[in-house]
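Reading the sequence shown from the start, the letters are residues -25 to -1, 1 to 178 in mature numbering (1 follows the signal peptide of the UniProt record, and there is no 0). Structure first, commentary second.
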Amino acid sequence: MMKRIGFLAGVAGLVAVCGSQVAQAADDYKSFGIRVRAIYVKPAESFDSRLSALNPKLSDDIIPEVDLEYFVTKNFSAEMIAGVTRHDVKLGSDYAGSTWLLPPTITLKYHPLAGSAVSPYVGFGFNVIFPFSSKLNGVGDFQIDNSVGWAAQAGTDIRITNNLYFNIDYKYLNADTKATIAGTKYNLDLNPHLFGIGVGYRF
């Protein structure tokens, strides 16, 4: 009888230790993260058909970007990015003006292999784009409206040290808006692709 009691006590102790280790592993993730990336911004712009004869285009841009990330659980996080882009407005190959875009974006991300040395993720969320300092040569009334749209994301974190990561990231921002040119409204879809590489730190 004493042997059985001792055996059962030992099993109970082993189960308790294993349960504690599993719980600790589940909680062993860093809650906050910050990244610095270099972003290549490529608008997939689409202008109103009434402007097609002018062949308008927006130039690409390369910018620094900072994002903040909070892990709600080990596998789910929320990310917010901040950056400002500048784009030339071209008519054919000729420079015709420029605009600046501020596109704050929030995504909810899923990390299926969280905790691994290579940790891919996907995300979905929304963006708000605030154009400012827009100008068009010879046109006093040129303005691009604000827009609200959805955002899709995919990327990978690659561990360098326990807290430091290399990051590769892609985002697509749905941004359908309108442009006012000399008092007339025209449809303008910006829809930028964002390709990023950088480093992140979790704490």
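Here a beta-carbon is modelled for each residue, glycine too, at the ideal position from N, C-alpha and C.
Task: Under the three-state DSSP convention, the category LEU165 falls into - done: Position 190 of the sequence shown, counted from the first residue, corresponds to residue 165. Of the three classes helix, strand and coil, the one that applies to LEU165 here is coil, per DSSP.
Open item on the list: Going by DSSP, what residue range makes up the beta strand (DSSP E) through GLU20?
Closed with: Locating residue 20 in the sequence shown gives position 45, where the first residue counts as 1. Neither: GLU20 is in no beta strand (DSSP E) and is coded neither H nor E.
- [ ] Identify every residue that forms a DSSP beta bridge with SER6.
- [x] Taking the first residue of the sequence shown as 1, we reach residue 6 at position 31. BP columns for SER6 are empty, so no partner.
Task: Which of helix, strand or coil DSSP assigns to ALA(-1) - done: For the purposes of this step, residue -1 is taken as the residue at position 25 of the sequence shown. Below a pLDDT of 50, predicted positions are generally treated as unreliable, and ALA(-1), at 38, falls in that range; no measurement from the model is reported.
Open item on the list: Just checking ASN138 against the ligand FAD - is the residue's beta carbon closer than 6 Å to any of the ligand's heavy atoms?
Closed with: You won't find the ligand FAD in this model; it holds no ligand whatsoever.
Open item on the list: Are the CB atoms of PHE105 and LEU77 within a distance shorter than 7 Å?
Closed with: Here residue 77 refers to the residue found at position 102 of the sequence shown. Here residue 105 refers to the residue found at position 130 of the sequence shown. A distance below 7 Å separates the beta carbons of LEU77 and PHE105.
TODO: Pull up the DSSP beta-bridge partners for LYS65, would you.
DONE: Position 90 of the sequence shown, counting from 1, holds the residue named residue 65. Beta-bridge pairing links LYS65 to LYS32 and TYR70.
Open item on the list: Using only CA atoms, which one of PHE101, SER109 and SER108 lies nearest to ALA126?
Closed with: Taking the first residue of the sequence shown as 1, we reach residue 126 at position 151. Measuring from the Cα of ALA126, the nearest candidate turns out to be PHE101.
Open item on the list: Quick check: TYR176 and ILE9, are their CB atoms within less than 7 Å of each other?
Closed with: Here the question's residue 176 lines up with position 201 in the sequence shown. Here the question's residue 9 lines up with position 34 in the sequence shown. Contact: yes.
- [ ] Can you say whether residue 245 is buried or exposed, counting buried as having 16 or more other CB atoms within 10 angstroms of its CB?
- [x] The structure shown does not extend to residue 245, since the chain spans only -25 to 178, so no value can be given for it.
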